[in-house]
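In UniProt numbering, the protein residues as written are 1 to 286.
Just so it is clear, CB atoms sit at the ideal spot from N, CA and C, and this is done for glycine as well.
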Amino acid sequence: MRIRVVLAVFAALALIAGVGIYVAVRTLGSGALHLITQQCVVNASGKATLEPAQMANAATIAAVGLRRGLPTRAVVIALATAMQESKLQNLAGGDRDSIGLFQQRPSQNWGTPQEIADPRYAAGAFYDALQRVNDWQEDSISDAAQSVQHSADGSAYQQWADEAQVLANALSGDAASAVACTITAKPAVRGTAALGALEQSLAADWGEVDSVTDASLPGLELSVSETRDGWQLAHWLVSHAADQNVKSVRFGGEEWTAKAGAWTHASGNLTLAAGDQVVAEVYPQS
């Protein structure tokens, strides 16, 4: 996928107002309803509801696999594994010396504690091991995952197969406008600092990018060659909206905003959201 990134600070200040509405949701790994102000809903031949941190980790797992040219099936297996092992939370510890999204163990040669704690490294290590499994693409989700993880109960991975497929459908770009996060927290970083951090995170997940600053352009623009690639990036941006301070995303005439938490027909300057462009806006400097 060829990506061109152009960065600039939004010239106009935005008014951020309103009171967060509490929504009762059942999030991944929780057996009971509880009140939160933020959530991500994925609709792609099924539905999944996650917290923003879980959604960001899922998007990174998918991006690492897609960047390697692996099929969606590999992404499904990786996501189902992380759901079982950590509920898509980057855990600091676990059973014995287990760490991270996949609960990989330094003592089992998965890497150093610092490496395993990096979601991108952990996902890459999982995919490396999966590709060494004979006929992994023909195996069931549980059998493929167990061949990598060697856990006490390999059948447990299968329970996440349907939800992992929904996430993979969206994050692979096979469904449009499929990831919608409602973000009510105030941005931790704004302006040029936010854009710089977003560029670094994009490059870490998707590979080296060509970046240029242009004061006339309001935000971040990514040029894509395929619609599927466009939705991969658009959904990644929405998935990382909370940790990367993304305010809005446009692609193919559709627009998502953190405040609305939904995709709608884009208004305003649609030339910034043409079929070959993904446009993201971070919060301006206040």
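### Query
What did DSSP end up calling alanine 258 once you bin it into helix, strand or coil?
On the sequence shown, position 258 is the one that residue 258 refers to. In the structure shown, alanine 258 sits in coil (DSSP, three-state: anything other than H, G, I, E or B).
### Message
Just to confirm my understanding: we take glutamine 84, look at its own chain, exclude 5 residues before and 5 after, and list those with CB closer than 7 angstroms. What are they?
### Response
Against the sequence shown, residue 84 aligns to sequence position 84. Contacts found: Ala156, Tyr157, Trp160.
### Query
Is the distance from the Cβ of serine 177 to the Cβ of glutamate 254 below 7 angstroms?
Position 177 of the sequence shown holds residue 177. Position 254 of the sequence shown holds residue 254. In contact: serine 177 and glutamate 254 (Cβ atoms closer than 7 angstroms).
### Query
Which class does residue 333 belong to by DSSP, given the choice of helix, strand or coil?
Nothing about residue 333 can be read from this structure; the chain reaches only from 1 to 286.
### Query
How do the segment 123-139 and the segment 68-81 stand: do at least 3 beta-carbon pairs fall below 8 angstroms, yes or no?
yes
#### Entry: Simplified DSSP state of serine 98, which is helix, strand or coil
For this step, residue 98 is matched to residue 98 along the sequence shown. In this structure, serine 98 counts as coil in the three-state DSSP scheme.
### Task
Out of Gly46, Leu50, Thr37, point me to the one whose CA is closest to serine 239's CA.
Working through the sequence shown from its first residue, we reach residue 239 at position 239. When each option's Cα is compared against that of serine 239, the closest is Leu50.
### Query
To which residues does DSSP link leucine 171 through a beta bridge?
One-based indexing of the sequence shown puts residue 171 at position 171. Answer by DSSP bridge pairing: none, since leucine 171 is not bridged.
### Task
Could you tell me which residues DSSP puts in a beta bridge with arginine 73?
In the sequence shown, the residue the question calls residue 73 occupies position 73. Answer is none; arginine 73 lacks a bridge partner.
### Task
Keeping to the same chain, check which residues put their C-beta closer than 6 angstroms to that of glutamine 232; ignore five residues upstream and five downstream.
Start at 1 with the first residue of the sequence shown, and residue 232 comes out as number 232. Gly173.
### Task
Would you list the residues sitting across from phenylalanine 251 in a DSSP beta bridge?
Looking up residue 251 in the sequence shown gives position 251. DSSP lists Glu254, Val278 as partners of phenylalanine 251.
### Task
Note down, in chain order, each residue of its chain lying with its Cβ closer than 6 angstroms to the Cβ of residue 364, except the 5 sequence neighbours on either side.
What the structure shows of the chain is the stretch from 1 to 286, and residue 364 is not part of that stretch, so it cannot be assessed.
### Message
On the criterion of 16 or more Cβ atoms from any shown chain inside 10 Å, does glycine 69 qualify as buried, or is it exposed?
### Response
Within the sequence shown, numbered from 1, the residue matching residue 69 stands at position 69. Result: exposed.
### For alanine 266, three-class secondary structure by DSSP
Taking the sequence shown and counting its residues from 1, the one referred to as residue 266 is at position 266. The answer is coil: DSSP assigns alanine 266 none of H, G, I, E or B.
### Query
Bridge partners of leucine 195, per DSSP?
In the sequence shown, residue 195 corresponds to position 195, counting from 1. Answer is none; leucine 195 lacks a bridge partner.
### Cβ separation of valine 133 and valine 148, assumed to be a contact under 8 angstroms, to the nearest whole Å
Counting from one through the sequence shown, the residue named residue 133 turns up at place 133. Counting from one through the sequence shown, the residue named residue 148 turns up at place 148. With a Cβ gap of about 7 angstroms, valine 133 and valine 148 count as contacting.
#### Entry: Rounded Cβ spacing between serine 107 and aspartate 97 (contact assumed at less than 8 angstroms)
Residue mapping note: residue 107 aligns to position 107 of the sequence shown, counting from 1. Residue mapping note: residue 97 aligns to position 97 of the sequence shown, counting from 1. At roughly 5 angstroms, the Cβ-Cβ gap stays under 8 angstroms, so serine 107 and aspartate 97 are in contact.
### Task
Measure the CB-CB distance between alanine 234 and isoleucine 183 and report whether it falls below 7 angstroms.
As a working mapping, residue 234 is identified with position 234 in the sequence shown. As a working mapping, residue 183 is identified with position 183 in the sequence shown. No; because the gap between Cβ atoms is not below 7 angstroms, this pair is not in contact.
### Message
Please report whether the beta-carbon of leucine 79 lies at a distance below 7 angstroms from any beta-carbon of chain C.
### Response
Annotation note: the requested chain C is absent from the structure, which comprises a single protein chain.
### Cβ-Cβ distance between asparagine 43 and leucine 88 below 7 angstroms
What you label residue 43 is simply residue 43 of the sequence shown in a count that begins at 1. What you label residue 88 is simply residue 88 of the sequence shown in a count that begins at 1. Result no, Cβ atoms of asparagine 43 and leucine 88 do not sit closer than 7 angstroms.
### Message
So, with DSSP's three-state summary, where would you put valine 23?
### Response
As a first step, residue 23 must be located in the sequence shown, where it is residue number 23. Caution applies to valine 23, whose pLDDT of 40 falls short of 50 and renders its modelled position unreliable; the model cannot decide the point.
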